[in-house]
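The numbering used here puts the first residue of the sequence shown at 1, with every later residue one more than the last. Worksheet: the structure to be examined is printed underneath.
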Amino acid sequence: MSGPNPFGPAPGVSGGGRRAGRLPAYYDSLTLFSPARYSALPGMAFGGGDPDRYPARDEVVAYLHRYAGSVDADIRTGVRVTAVHPARAAATW
Numbered sequence: 001m002s003g004p005n006p007f008g009p010a011p012g013v014s015g016g017g018r019r020a021g022r023l024p025a026y027y028d029s030l031t032l033f034s035p036a037r038y039s040a041l042p043g044m045a046f047g048g049g050d051p052d053r054y055p056a057r058d059e060v061v062a063y064l065h066r067y068a069g070s071v072d073a074d075i076r077t078g079v080r081v082t083a084v085h086p087a088r089a090a091a092t093w
């Protein structure tokens, strides 16, 4: 998927220094609570095997990196979000 940010003009933010946030450094035993088929972000299937599997941490990290590289988004790392306010234009944030 390449093209406009499905979330509009707002930047993507991550508290960690990477696009996948702090996830790569922690939670080595993490497994998602939902199957891959229900864990995908807009415009990109989780892919890579059985859609009923529960993806593990390293697969989630790889997916987030691929997704971040495929959208036209202003992704900022090392940022703490303290508030989000709606934009003045209707239907955007």
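Note that beta-carbon positions come from the ideal geometry of N, C-alpha and C, so glycine has one too. None of these values were measured; they are calculated from a predicted model.
Around the beta-carbon of residue 27, fewer than 16 other beta-carbon atoms lie within 10 Å, marking it exposed.
Just measuring C-alpha positions, the residue of 38, 88, 34, 45 sitting nearest residue 66 is 45. Less than 9 Å separates the beta-carbon of residue 63 from that of residue 47. DSSP places residue 57 within a helical segment (H, G or I) once states are collapsed to three. Rounded to the nearest whole angstrom, the CA to CA distance from residue 49 to residue 36 is 9 Å. In the DSSP assignment, residue 41 forms a beta bridge with 44. Rounded to whole angstroms, the gap between the alpha carbons of residue 57 and residue 30 is 5 Å.
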